[in-house]
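Take a look at the structure below.
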Amino acid sequence: MDGKREFLRHTLATLAYRAARALDGAPDVFAEFNGAGRTPAAILAHMGDLFDWALSIGRGVEKWRSSDPLPWTEEKKRFFTALTALDALLASGEPLQAPLERLFQGPVADALTHTGQIAMLRRLAGFPKKDEDFYRAEIAVGTVGAEQPLPVIQY
832 MDGKREFLRH TLATLAYRAA RALDGAPDVF AEFNGAGRTP AAILAHMGDL
882 FDWALSIGRG VEKWRSSDPL PWTEEKKRFF TALTALDALL ASGEPLQAPL
932 ERLFQGPVAD ALTHTGQIAM LRRLAGFPKK DEDFYRAEIA VGTVGAEQPL
982 PVIQY
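Structure representation (structure tokens):
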């Protein structure tokens, strides 16, 4: 497999791991926290939209839509499903209709930023998560679902 593709797949696995950590243990009421702009549910809906868009770009039929947030549990599932679909396209070896660098600089980088926003909003909402040593995390290419390995070191 192309090294760039493999690296982008590792980036998606990293995003999945970090997003899962930002979302793990957040109660349903967190989804509607309205203390700093968009709600966590709106941010997560946007993240799902980003990966639906990335998949459409990769297939050569670019399509954007702005979704209204689903209930929290469904929105989390939608995000990881969209992330998994993009990873599957990358893993397939099917020719992409977009440069990998552009997929990274657009939807993937945007989602990394939004993952940090969700983690920050947890603290603001009073539902902080434990800090973690992400360098030592057990992140593996292809592991892009909500089920992620346990943290290696938390503080």
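Numbered according to my numbering, the sequence shown spans residues 832 to 986. Don't be surprised by glycine CBs; every beta carbon is placed ideally from N, CA and C.
query                                                                                                                                                                                  : result
Distance, Cα to Cα, leucine 881 vs glycine 889?                                                                                                                                        : 12 Å
Can you name the start and end residues of the alpha helix (DSSP H) that tyrosine 848 belongs to?                                                                                      : 834-854
Between the segment 833-843 and the segment 867-881, are three or more C-beta pairs nearer than 8 Å?                                                                                   : no
Does the Cβ of proline 978 have 16 or more other Cβ atoms within 10 Å, making it buried, or fewer, making it exposed?                                                                  : The sequence shown places glutamate at residue 978, not proline. So glutamate 978 counts as exposed.
Just grab the DSSP bridge partners of glutamine 985 for me.                                                                                                                            : Glu963
Taking only three categories from DSSP, how would you classify alanine 922?                                                                                                            : helix
Using only CA atoms, which one of Asp859, Leu886, His877 lies nearest to lysine 894?                                                                                                   : Leu886
I need the straight-line Cα distance from alanine 913 to proline 938, nearest angstrom please.                                                                                         : 12 Å
Can you confirm whether the segment 916-931 touches the segment 949-966 when touching is taken to mean that 3 or more C-beta pairs between the two stretches lie within less than 8 Å? : no
Here's a check: name, in chain order, each residue in its chain whose Cβ is nearer than 8 Å to the Cβ of glutamate 906, leaving out the five neighbours to either side.                : Ala862, Ala872, Leu875, Ala876, Gly879, Pro900
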